[in-house]
Amino acid sequence: MIKALTLTCQEVLRYKKHHHEEWVSIETLGTIRERESNKIAVNNRRTRAEEVRAQAEYTEANKKITRADKQKYVGKLAPTAEKAARERNIRQLYERKYSKPERPGKDKEGKSITEIR
């Protein structure tokens, strides 16, 4: 029973795809991969001098990763928030990214799934 329910849910609902944050640019994703390789180098060091050098590279890569992208993204959001505040549009001003689903899921025939059959 549980297997059938699980398989049906996987068929109908599919797996959720992982998306990066909308404020992270493609160049930044490359920098993140570079930082990860620097972290591996820190963990695989052989001497104390190598560790210090690798840690410095990792720290520098970590600092420059998202700072500029996040500032650009917030800069784009600010005018929208200011406009909503001027118009006293509280719903838009405090809008969140995630919300609860308002409707239940549907099966292949289009009927809503509300109970276990």
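When you line the sequence shown up against the UniProt record's numbering, it's residues 1 to 117, in that order. For each residue, glycine too, the CB sits at the ideal point set by N, CA and C. Note that the structure is predicted; figures quoted are calculated from it, not measured.
Burial state of residue i, where buried means 16 or more other Cβ atoms lie within 10 Å
i      : result
Thr-47 : exposed
Tyr-58 : buried
Asn-89 : exposed
Pick from the options that is closest to residue i, judged by C-alpha positions
i      : options                        : result
Ala-54 : Ala-41, Lys-63, Ala-61, Asn-62 : Ala-41
Met-65 : Thr-80, Ile-32, Asp-107        : Met is not the amino acid found at residue 65; the sequence shown has Ile there. That would be Ile-32, whose Cα lies nearest to the Cα of Ile-65.
Asp-69 : Glu-11, Thr-28, Ser-112, Thr-6 : Thr-28
Tyr-73 : Glu-22, Lys-111, Thr-6         : Glu-22
Val-24 : Arg-91, Arg-67, Met-1, Ile-2   : Arg-67
Beta-carbon proximity of residue i to residue j, cut-off 9 Å
i      : j      : result
Ala-61 : Glu-34 : yes
Presumed contact (8 Å Cβ cut-off) between residue i and residue j, rounded CB distance
i      : j      : result
Ala-84 : Leu-77 : Going by Cβ atoms, the distance from Ala-84 to Leu-77 rounds to 10 Å, so no, they are not a contact pair.
- At what residue ranges does the segment 40–69 contain a whole run of the alpha helix (DSSP H), taking only runs of 4 or more? 48–64, all fully within the segment 40–69.
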